[in-house]
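Reviewing the structure listed below.
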Amino acid sequence: MREKSKNVCSIGQNLGRKRSNRKLNFDGFIGVDWSGAKGPNLPGLQVAIAEPGTKPPYLVRPPKGRWWSRHLFASWLLERLKCHRLLIGVDFAFGYPFADEGSFFPGLDFQLKTAPALWRLVEEYTEASSNFYGANFYKRKDVEFHRYYLSPYGKGNLYKFRQRLTEVVCSAVTSPHPVLKCIGAANVGTGSLAGMRVLRYLSAEIPEYLSVWPFNQSIESSCIVEVFPRLYFKLANKDPRFWKDIGNINETLVYYKSGKVTSKFEINTEDEADALVTAAALRFLYTDEELWSAPKSFELATQAEGWIFGVK
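The sequence shown lines up with residues 51 to 362 when you count with the working numbering.
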């Protein structure tokens, strides 16, 4: 089922205007399968909501048009963050590898030490691109950054396989793709650049309503976390390649103590399946305080690299 909200402060079928005050208690859980593609219409950007309780998550249509854009999603989310305490999971990297080389971009004349500083840098060199598009960061040849990427425009002479600390730990279950790789269907590099622009925008617009975890350890407000849908399938001992199989999806949902979608429910794309499972996983996992504290033993993760929610 898909839900289209008419009230700007409604995030779901049964949620009115409210904000929770209790720590580790959220009004809703939003799973987002992200897209770094160019253009305003993004079939790959899918949004799902799981409400408190055990009802199955559901997909959310954009308030206008057939497809979400990144700008439309950011605007939609901004309005809801003013009314609700939400846990939002989006599947792009919030930071770059740092611990391995002591730098995001080893050898540059200037060095950044935090993820928010990286977001501002990305915005500075891509702000001319509409809809938070990020590929110009590695496309431009007038600056040095292209040398660190594997992209459709070539392999930079400083590109190497690098992993963040969270990716190293996550590899015990399933391995994320390297974030400086920007080619191939499963690459997360281009989407992460677009996502960093959105994080900078949201952080600047409503800092009082939103914490970006783990860089801001306070979770008294709404919180946005990095997610990895494949991880949530694997933790449930399910194969994400069978996303068309409603039985496989329902068994994954049940693992996260969620109700099942009906047999008539149609999942048209892998992106839809990922968003649904992510929303259910967030609702189940968020009460595990060990997950929230997982990156604290890695100081660089809480400052520079970020952490995938669910990895411990």
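The beta-carbon is built from N, C-alpha and C at its ideal position, and this holds for glycine as well.
Considered as a whole, the region 186–235 harbours 186–189 and 215–220 as its complete alpha helix (DSSP H) runs of no fewer than 4 residues, in chain order. For GLN96, the number of other beta carbons within 10 angstroms of its own is at least 16, and it is reported as buried. Shown here, LEU243 sits in a helix according to DSSP, grouped into three states. Listed in chain order, the alpha helix (DSSP H) runs fully inside the region 272–342 are 279–285, 296–305 and 320–335, counting runs of at least 4 residues. Counting along the chain, LEU260 sits inside the beta strand (DSSP E) bounded by residues 260–262.
Remark: three or more beta-carbon pairs, one from each stretch, lie closer than 8 Å, so the region 263–276 and the region 138–158 are flagged as touching. When secondary structure is reduced to three states using DSSP, TRP169 falls in the helix class. The criterion of a C-beta distance shorter than 8 Å is satisfied by ALA344 and VAL361.
Here the C-alpha atom of PHE144 lies approximately 20 Å from the C-alpha atom of ALA98.
Non-local beta-carbon contacts of PRO202 in its own chain, meaning distances under 6 Å to residues more than five positions away in sequence, involve ILE233 in chain order. For ALA100, the three-state secondary structure derived from DSSP is strand. Taking ASN75 as reference, the option from LEU92, ASN300, VAL82 and ARG135 with the minimal CA-CA separation is ARG135.
The residue from TYR108, LEU208, PRO102 and ASP77 with its alpha-carbon nearest to that of ALA323 is TYR108.
Residue LEU332 holds the alpha-carbon nearest to the alpha-carbon of LYS307 among GLU339, LEU332 and VAL219. Residue state for TYR146 is assigned as coil, using DSSP reduced to three classes. When only Cα atoms are considered, ARG120 and ASN181 end up about 6 Å apart. According to DSSP, TYR251 shares a beta bridge with no other residue.
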